[in-house]
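Read left to right, the sequence shown gives residues -32 to -1, 1 to 685 (mature numbering (1 follows the signal peptide of the UniProt record, and there is no 0)).
Here the structure comes first, spelled out in structure tokens, and everything after it is commentary.
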Amino acid sequence: MRRSSFRHLLAVATLVGTSAPLFVVFANSAHAQDAQLDEVEITGEGFKDASTEYSGAYTSNRVTIGRGERSLRDIPQSVGVITREQMNDQASQSIDDALGTMAGVTVNQFNTNAKSYSIRGFRVSTMLLDGSPYRADVGYTDTGAFDTAIFDRIEVLRGPSGMLQGAGEPSGTINLVRKRASTTPGASVAAAAGSWDTYRGEVDATGPLDDSGRLRGRFVAVYEDRGSYIDYVENEKTVIYGTLEYDITPDTTFSVGLMQQNGNGTPNLGLPARDDGKLLDLDREIFLGSKWDNKDELFQRYFAELEHRFANGGSFHIKANTMERYTDIKQSSAGNSQPSVGNNVIDMFPWRSKHTLRDSSLDVYTSQPVNWFGREHRVLVGASHQIGKTQLDWGGGTSGTIPQDIFNPDPNTPEPAFSISHLPTTTTTQTGLYAQGDFSVTDRTTLVLGGRFNWWESRNNRDASGDFEIDNEFTPYVGVLYDITEELTAYTSYTTIFQPQSDQDINFRPLEPRTGDQIEVGLKGEYFEGDLNWEAALFQINDKDRAVDVTGVTPTPDQNPWPMANAGKARSEGVELSVSGRPLDRLDITAGYAYIDTEFLNGAQDGLRLSPDTPEHNFALWARYRFSDNRLQGWRIGAGVNAQSSIYSQDGAIKTEEGGVALLSAMVGYRLNAHFDVTLKGNNLTDKEYYSAVSAWSRQNHYGDPRNYMLTMRYTY
């Protein structure tokens, strides 16, 4: 049974109601006499040009994903931006929601609130938060997706990004950019209610904390109680974000802050397929777990940053942060068998895990304009150090498996005792020295040259035989940009990355790292002073030195019984098109199409798809129309479609497949004045029944969400 919906609705109302007067005082305390609160379009020194929060736009022609603010047309790779306005209109309340609206990004689901992301057919193994890296794609024990209330925008760089992150997959990277403190006071409160007894409250305040405006702050808090169409599944979370910024001098700013997200909910690993791979026609609300299934999760990040701005337009930065993620999972619904024709009873394997991840990083860099041979260029030089620590305690239930009828499941199975093993702690460290130059060769041509030296090592606190290190791994970066006109730029680039592998050869020596390289060519257009941006890209990624089984060799007793070799090859290639912004007055759009073809190039899997859970064709469109020229008042409507081709999963001869699907969504909103706004968003309006994730080798087949709605009311001071 769900907890009292009324109690949680009351909690949301109390959070919003009691916070309102507090944040009015906060927002006006420093400038009570001259603050103009009727104008919601806030500007000020606390916001960078790349900020989207008060732009009212679906696009930004500048990003900060490459250490420093840059124009999209200055980056010789495909880049996308999800703005604050777009997240609000589409009711994207988690990073999963937001990334699911971007063509070419695949959201991979492990359980209800643990997902990963793929770009161009490869998993995103490292993400950035304000440009600082942390590990992603850690599986079913990961914390739930970060709440979007604390972010100004999401930046997506497609293709290998070794210059930014060091080691990783050749997929790309995702940069989450937090909201900043402003010199202009402002505050907002929001309340939302949606399908399946979902309730949510938000408060957000920013402004100066002294008369001069040198000290300013920002505070965001969220409470959410989210139900589900799946029986017995619910999730509750609280979010707190706070930051202080202080101008030591007019050109030097020091900032500190913390982010915390605490969650509790019901993990759900999905539904089985039949033993021949066929998906079952089960009710979408079926839950095969037990009432004692539970997941506690905690995410915390502490950060400090120093920025100095030089008179010549250069800058110097120091960024230090620590992120901790902790999960405690009890689960009864891990499939230990699959149903067959005439047999609807499967064995479920109960287990428990406690997983701790700690990622710390320090990054020091400077970006400077230089004048050589009568032309101005820009040079970036920096160094970074990262430490990642992983601790996992795991164990199964002592009473064996739990039989479960998939058509008539019993959620009242008793909770067993668990035999927990404390697995070794693994620590990885990575140090990098990097440099990049943007050289103005002619008035229209820019040559981008860069490189990074990496030192990487992994240590096990119990067994040193698995320790290994990589020294002086060089990652080059080359790009050329040519301005065809004032609005149109052609580009090409060659980028690389490396990924360490823990597999060993026949003599127990660690394999060399995988290497990935990409060639990309494309066009970028910018119109109406940056209000409309589009891109077209062709790419090919070659993934080499993948670990494969060694065949035809009989190891001796003192050799590795399961030897591997650096012999695997794979490729991903395709086309990406995107457009975002305002093509006409009062009309805003974001649209994209991606064709991605992935395949293995040799070995036993030669010719098979490398990433069958990445659809070959993916299309996304969202458009909004405002009926008034005044964006601070009046009606607006929005509609969109997300469509993709089929996906599948294969284990030997067993193949589980879901066909293509198209989902419709819509929004209607009304802004009463500069302060009050209400939005109603609907998803999957045709109530399409489909599987959004399939798995042939495990039980992680997940239905996509049925038709659902979310009503949001927001008051801005």
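All C-beta atoms, glycine included, are put in the ideal place defined by N, C-alpha and C.
(request) Confirm, please, whether the CB-CB distance from I198 to F255 is below 8 angstroms. (result) On the sequence shown, residue 255 is found 287 positions in, with the first residue counted as 1. On the sequence shown, residue 198 is found 230 positions in, with the first residue counted as 1. In this structure, I198 lies closer than 8 angstroms to F255 by Cβ.
(request) Determine the extent of the alpha helix (DSSP H) in which D65 is found, giving its start and end residues. (result) Reading the sequence shown from its first residue, position 97 is the one you call residue 65. Looking at the DSSP string, the run of the alpha helix (DSSP H) that includes D65 is 63 to 67.
(message) In this structure, how does DSSP classify L331 when only helix, strand and coil are distinguished?
(response) To locate residue 331, count along the sequence shown from 1; it is residue 363. Before going on, a small fix: residue 331 reads as Asp here, not Leu. Note: D331 maps to strand in three-state DSSP.
(request) Spell out a yes or no on whether the segment 386 to 397 and the segment 353 to 373 are touching, meaning 3 or more CB-CB pairs, one atom from each, closer than 8 angstroms. (result) Two segments are said to touch when three or more pairs of C-beta atoms, one from each, lie closer than 8 angstroms; by this definition the segment 386 to 397 touches the segment 353 to 373.
(message) Tell me which residue opens and which closes the alpha helix (DSSP H) that G310 is part of.
(response) The count along the sequence shown starts at 1 and reaches residue 310 at position 342. No alpha helix (DSSP H) holds G310; DSSP gives it neither H nor E.
(message) Please report the straight-line C-alpha distance between L(-24) and Y294, rounded to a whole angstrom.
(response) Here residue -24 corresponds to residue number 9 of the sequence shown, with the count starting at 1. Here residue 294 corresponds to residue number 326 of the sequence shown, with the count starting at 1. For L(-24), the predicted structure reports a pLDDT of 41, less than 50, and the residue's modelled location is therefore unreliable. A value from the coordinates is still provided. Here the C-alpha atom of L(-24) lies approximately 28 angstroms from the C-alpha atom of Y294.
(message) I need the DSSP call for N236, collapsed to helix, strand or coil.
(response) Residue mapping note: residue 236 aligns to position 268 of the sequence shown, counting from 1. Three-state result, N236: coil.
(message) Short of 6 angstroms in beta carbon distance, which residues of its chain neighbour Q508, apart from the five on each side in sequence? Order them along the chain.
(response) Translated into the one-based positions of the sequence shown, residue 508 becomes position 540. Here Q508 has I487, E541 as same chain residues with Cβ atoms under 6 angstroms from its own Cβ, once five neighbours each way along the sequence are excluded.
(request) Inspect the beta-carbon positions of G69 and W590 and report whether they are closer than 8 angstroms. (result) Indexing the sequence shown from 1 puts residue 69 at position 101. Indexing the sequence shown from 1 puts residue 590 at position 622. It should be pointed out that residue 69 corresponds to Thr in this sequence rather than to Gly. Cβ atoms of T69 and W590: closer than 8 angstroms.
(message) Tell me the rounded alpha-carbon separation between G127 and K287.
(response) Looking up residue 127 in the sequence shown gives position 159. Looking up residue 287 in the sequence shown gives position 319. The straight-line gap from Cα to Cα measures roughly 25 angstroms.
(request) Report, in whole angstroms, the separation of the C-beta atoms of I142 and V157, which I expect to be a contact under 8 angstroms. (result) In the sequence shown, the residue the question calls residue 142 occupies position 174. In the sequence shown, the residue the question calls residue 157 occupies position 189. Not a contact, Cβ separation roughly 29 angstroms.
(request) Would you tell me roughly how many angstroms separate the C-alpha atoms of A3 and R184, rounded to the nearest one? (result) For the purposes of this step, residue 3 is taken as residue 35 along the sequence shown, with counting starting at 1. For the purposes of this step, residue 184 is taken as residue 216 along the sequence shown, with counting starting at 1. Residue confidence is low: A3 scores 39 on pLDDT, short of 50, so the model does not pin down where it sits. Its coordinate-derived value is still stated next. A direct Cα-to-Cα measurement between A3 and R184 gives close to 15 angstroms.
(message) In this structure, how does DSSP classify residue 689 when only helix, strand and coil are distinguished?
(response) The structure shown does not extend to residue 689, since the chain is modelled only from -32 to 685, so the question has no answer here.
(message) Please report the distance separating the alpha-carbon of S62 from that of A113.
(response) Position 94 of the sequence shown holds residue 62. Position 145 of the sequence shown holds residue 113. Rounded to the nearest whole angstrom, the CA to CA distance from S62 to A113 is 6 angstroms.
(message) Which residue wins for smallest C-alpha separation from T116, given the options S139, G181, E192?
(response) Sequence index remark: in the sequence shown, residue 116 carries index 148 (1-based). The shortest Cα separation from T116 among S139, G181, E192 belongs to E192.
(request) Give me the Cβ distance between V145 and T32, rounded to the nearest whole Å; I'm assuming they're in contact under 8 angstroms. (result) Within the sequence shown, the letter at position 177 stands for residue 145. Within the sequence shown, the letter at position 64 stands for residue 32. The C-beta distance from V145 to T32 rounds to 6 angstroms, short enough to meet the 8 angstroms contact threshold.
(message) Using CA atoms only, rank isn't needed, just tell me which of N652, S548, H585 is closest to D28.
(response) Walking along the sequence shown from the start, residue 28 turns up at place 60. The sequence as given places Ser at residue 28; Asp does not occur at that position. Each of N652, S548, H585 was checked against the Cα of S28, and the nearest Cα belongs to S548.
(request) Return the CA-CA distance between T94 and S139, expressed in angstroms with no decimal places. (result) For the purposes of this step, residue 94 is taken as the residue at position 126 of the sequence shown. For the purposes of this step, residue 139 is taken as the residue at position 171 of the sequence shown. If you take the alpha carbons of T94 and S139, they lie about 10 angstroms apart.
(request) Between the Cα of V347 and those of P379, T414, F375, spot the shortest distance and give me the residue it belongs to. (result) Looking up residue 347 in the sequence shown gives position 379. With distances taken between Cα atoms, V347 lies closest to T414.
(request) Kindly indicate which three-state DSSP category N29 falls into: helix, strand or coil? (result) Position 61 of the sequence shown, counted from the first residue, corresponds to residue 29. When secondary structure is reduced to three states using DSSP, N29 falls in the coil class, being assigned neither helix nor strand.
(message) So if DSSP puts M678 in a beta bridge, which residue, or which two residues, is it bridged to?
(response) Numbered from 1 along the sequence shown, position 710 holds the residue referred to as residue 678. DSSP output for M678 lists G162, K649 as bridge partner(s).
(request) Please work out which residues of its chain come closer than 6 angstroms, Cβ to Cβ, to Q228, disregarding the five sequence neighbours upstream and downstream, and give them in chain order. (result) For the purposes of this step, residue 228 is taken as the residue at position 260 of the sequence shown. Leaving aside the five residues that flank Q228 on each side, the residues in its chain whose CB is nearer than 6 angstroms to its CB run, in chain order, I208, Q268.
(message) One question on the structure: do N669 and Y658 come within less than 8 angstroms of each other, judged by their Cβ atoms?
(response) Indexing the sequence shown from 1 puts residue 669 at position 701. Indexing the sequence shown from 1 puts residue 658 at position 690. Cβ atoms of N669 and Y658: not closer than 8 angstroms.
(request) Just list the alpha helix (DSSP H) runs in the segment 416 to 441, keeping only unbroken ones of 4 residues or longer that don't cross its boundaries, in chain order. (result) Whole alpha helix (DSSP H) segments, 4+ residues: zero.
(request) Using the Cα positions of T684 and V171, report the straight-line distance between them to the nearest angstrom. (result) Taking the first residue of the sequence shown as 1, we reach residue 684 at position 716. Taking the first residue of the sequence shown as 1, we reach residue 171 at position 203. Near 10 angstroms, if we compare the C-alpha coordinates of V171 and T684.
(request) Return the CA-CA distance between S129 and N422, expressed in angstroms with no decimal places. (result) Indexing the sequence shown from 1 puts residue 129 at position 161. Indexing the sequence shown from 1 puts residue 422 at position 454. Looking at the two C-alpha atoms, the distance is approximately 13 angstroms.
(message) Counting C-beta neighbours from all protein chains within 10 Å, is the total for N203 16 or more, i.e. buried, or is it exposed?
(response) For the purposes of this step, residue 203 is identified with residue 235 of the sequence shown, where counting begins at 1. Around the beta-carbon of N203, 16 or more other beta-carbon atoms lie within 10 Å, marking it buried.
(request) Identify whether L360 lies in helix, strand or coil by the three-state DSSP scheme. (result) Mapped onto the sequence shown, residue 360 falls at position 392. DSSP, read as helix, strand or coil, puts L360 in strand.
(request) Could you pull the start and end residues of the alpha helix (DSSP H) that M131 belongs to? (result) Locating residue 131 in the sequence shown gives position 163, where the first residue counts as 1. Counting along the chain, the alpha helix (DSSP H) containing M131 begins and ends at 130 to 133.
(request) Could you tell me which uninterrupted alpha helix (DSSP H) segments, each at least 4 residues in length, are contained entirely in the segment 479 to 522, listed from first to last along the chain? (result) Runs of the alpha helix (DSSP H) lying entirely within the segment 479 to 522, each at least 4 residues long, are absent.
(request) May I ask whether a heavy atom of the ligand MG can be found less than 7 angstroms away from the beta carbon of Q467? (result) The model on display carries no ligand, and the ligand MG is accordingly not part of it.
(message) Assuming R52 is part of the alpha helix (DSSP H), what are its boundary residues?
(response) To locate residue 52, count along the sequence shown from 1; it is residue 84. Where R52 is concerned, the enclosing alpha helix (DSSP H) stretches over 52 to 57.
(message) What residue range does the beta strand (DSSP E) around G637 cover?
(response) The residue given as residue 637 occupies position 669 in the sequence shown. Counting along the chain, G637 sits inside the beta strand (DSSP E) bounded by residues 629 to 639.
(request) To the nearest angstrom, report how far apart K322 and D406 are at their CA atoms. (result) In the sequence shown, residue 322 corresponds to position 354, counting from 1. In the sequence shown, residue 406 corresponds to position 438, counting from 1. Cα-Cα distance, rounded: 46 angstroms.
(message) Distance check for Y462 and L456, CA to CA, integer angstroms please.
(response) Here residue 456 is taken as the residue at index 488 of the sequence shown, counted from 1. Here residue 462 is taken as the residue at index 494 of the sequence shown, counted from 1. Per the coordinates, the alpha-carbon of L456 lies some 21 angstroms from the alpha-carbon of Y462.
(message) For Y445 and H345, what's the separation of their Cα atoms in angstroms?
(response) To locate residue 445, count along the sequence shown from 1; it is residue 477. To locate residue 345, count along the sequence shown from 1; it is residue 377. Going by C-alpha positions, Y445 is about 17 angstroms away from H345.
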